[in-house]
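This note's numbering numbers the first residue of the sequence shown as 662 and each following residue consecutively. Each residue gets a CB set at the ideal place from its N, CA and C atoms; glycine is no exception. Reviewing the structure listed below.
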Amino acid sequence: MKHLFGPVISRRLGISLGIDLLISKTCSLDCIYCECGKTKNLTTKIREYVPTEDVIIQLREFLKDRPKLDVITFAGSGEPTLHNGIGKIIKFIKTEYPEYKIAVLTNSTLFYLKKVRKSILDADIIIPSLDAASEETFKKISRPEKSIRVNKIINGLTALRKEYKNSIILEIFIITGINDNKNELDLLKNACLKISPDLIQLNTLDRPGTEKWIEPASEEKLMEIKTFFRPLKVQIIQNHNYITKRSNKGHVNIPDAVISSLSRRPSTIEDLSLSLGINLKDVKKIINALLEKGAIISEKSVTRGIFYKKRE
Ligand code: SF4
662 MKHLFGPVIS RRLGISLGID LLISKTCSLD CIYCECGKTK NLTTKIREYV
712 PTEDVIIQLR EFLKDRPKLD VITFAGSGEP TLHNGIGKII KFIKTEYPEY
762 KIAVLTNSTL FYLKKVRKSI LDADIIIPSL DAASEETFKK ISRPEKSIRV
812 NKIINGLTAL RKEYKNSIIL EIFIITGIND NKNELDLLKN ACLKISPDLI
862 QLNTLDRPGT EKWIEPASEE KLMEIKTFFR PLKVQIIQNH NYITKRSNKG
912 HVNIPDAVIS SLSRRPSTIE DLSLSLGINL KDVKKIINAL LEKGAIISEK
962 SVTRGIFYKK RE
């Protein structure tokens, strides 16, 4: 199931089957906090990065027994709206498996294009990100492909809001010393008032990002920002510890599920246990075997201990 991953427990969405439409790592941005590592293919070119039909075949196979899922999520190793088959895949799920909700995690950079907005109108939840509203801060955080401008993103999101009837949850990633100052927050708040999302979620670093010097925002700072954004509806994304346990039913091959998960995001043993529903002892065994084989590497973080990720 090369193009599917999980199901994992998502902090925001519950039990989520992931669809990855990109080849690692293809994106229109190269965010300093990205947990998928540095962008190798920095592009705005919309094309069929992986065969649409292959994704549909894999979905048909995975969903044939109607597994219990809260959502099917377009995410993974890059920006999903760069794939020109996303609309067709959403239509396929909605027609054949209407009981499943669909979420799209996106960096918002292509919403200035009507055809991109149109392609995801049937999704149930869109979670776009907007981390800055000034060009200078946007460039510092997102290191965009050269044609991208933050104003174009804000206008694209505003147009999406007018055309899209379901839920838009706008994510803002707060980085200490970069986008947490009064000036940037003023601009961001104005942009959010214009976009008018259903909800804003404040996020901050809880695992290693691409750049090691990034500092997560404190809970107090996030609370302060939440208050500052009133009357907009704002939520702080809960810490990973709030995830509840479940048992693993969906994975035929557990080591494959672990490696597939680590190829998309660095995780601790506890994260893997919780997100994949595998007990801690078994995860430790798999991790040790993968370390011995040299398939993964470990990295110590200041906040949450040792993270593991797939060797490139
Ligand atoms: S965080 Fe998202 S938008 Fe930013 S580089 Fe990573 S995949 Fe791309």
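Paired residues, beta bridge with residue i - DSSP
{"i": "Gln896", "result": "Gln862"}
{"i": "Glu832", "result": "Ser790 and Gln862"}
{"i": "Thr734", "result": "Gly679 and Ala764"}
{"i": "Phe666", "result": "Gly679"}
{"i": "Leu703", "result": "Cys688"}
{"i": "Ser671", "result": "Gly675"}
{"i": "Gly739", "result": "Thr687"}
Under 9 Å between C-beta atoms of residue i and residue j
{"i": "Ile915", "j": "Asp943", "result": "yes"}
{"i": "Asp841", "j": "Lys882", "result": "yes"}
{"i": "Gly679", "j": "Thr734", "result": "yes"}
{"i": "Ala784", "j": "Ile751", "result": "yes"}
{"i": "Gly698", "j": "Lys887", "result": "no"}
{"i": "Ile693", "j": "Arg804", "result": "yes"}
{"i": "Thr713", "j": "Cys688", "result": "no"}
{"i": "Arg868", "j": "Glu973", "result": "no"}
{"i": "Glu845", "j": "Thr770", "result": "no"}
{"i": "Gly737", "j": "Asp691", "result": "no"}
{"i": "Ile897", "j": "Ala852", "result": "no"}
{"i": "Tyr710", "j": "Val732", "result": "no"}
{"i": "Ile930", "j": "Leu951", "result": "no"}
{"i": "Tyr825", "j": "Ile875", "result": "no"}
{"i": "Val669", "j": "Leu941", "result": "no"}
{"i": "Ile717", "j": "Lys749", "result": "yes"}
{"i": "Ala878", "j": "Ile835", "result": "yes"}
{"i": "Glu722", "j": "Met662", "result": "yes"}
{"i": "Ser922", "j": "Gly667", "result": "yes"}
Three-state secondary structure (DSSP) of residue i
{"i": "Thr905", "result": "Reliability of the predicted coordinates at Thr905 is poor, the pLDDT of 38 falling under 50, and no value is obtained from them."}
{"i": "Ile976", "result": "Any answer about residue 976 is impossible in this case: the structure gives the chain only from 662 up to 973."}
{"i": "Cys688", "result": "strand"}
{"i": "Leu771", "result": "coil"}
{"i": "Pro877", "result": "strand"}
{"i": "Val711", "result": "coil"}
{"i": "Lys887", "result": "helix"}
{"i": "Pro927", "result": "coil"}
{"i": "Glu845", "result": "helix"}
{"i": "Ile815", "result": "helix"}
{"i": "Glu960", "result": "strand"}
{"i": "Lys970", "result": "strand"}
{"i": "Gly911", "result": "Residue confidence is low: Gly911 scores 47 on pLDDT, short of 50, so the model does not pin down where it sits. No coordinate-derived value is stated."}
Inter-stretch contact at 8 Å, needing at least 3 Cβ pairs: the stretch 674-684 / the stretch 847-858: no
Ligand 1: which residues have Cβ under 5 Å from any of its heavy atoms, chain order? Going along the chain, the residues that qualify are Cys688, Leu690, Cys692, Cys695 and Asn768.
Count the C-beta pairs between the stretch 808-823 and the stretch 862-879 that are closer than 8 Å, then say yes if the count reaches three, no if not. no
Quick test of the definition: if touching needs 3 or more C-beta pairs under 8 Å, does the stretch 725-743 touch the stretch 769-785? yes
Just checking, does the stretch 827-843 make contact with the stretch 789-803 on the three C-beta pairs under 8 Å criterion? yes
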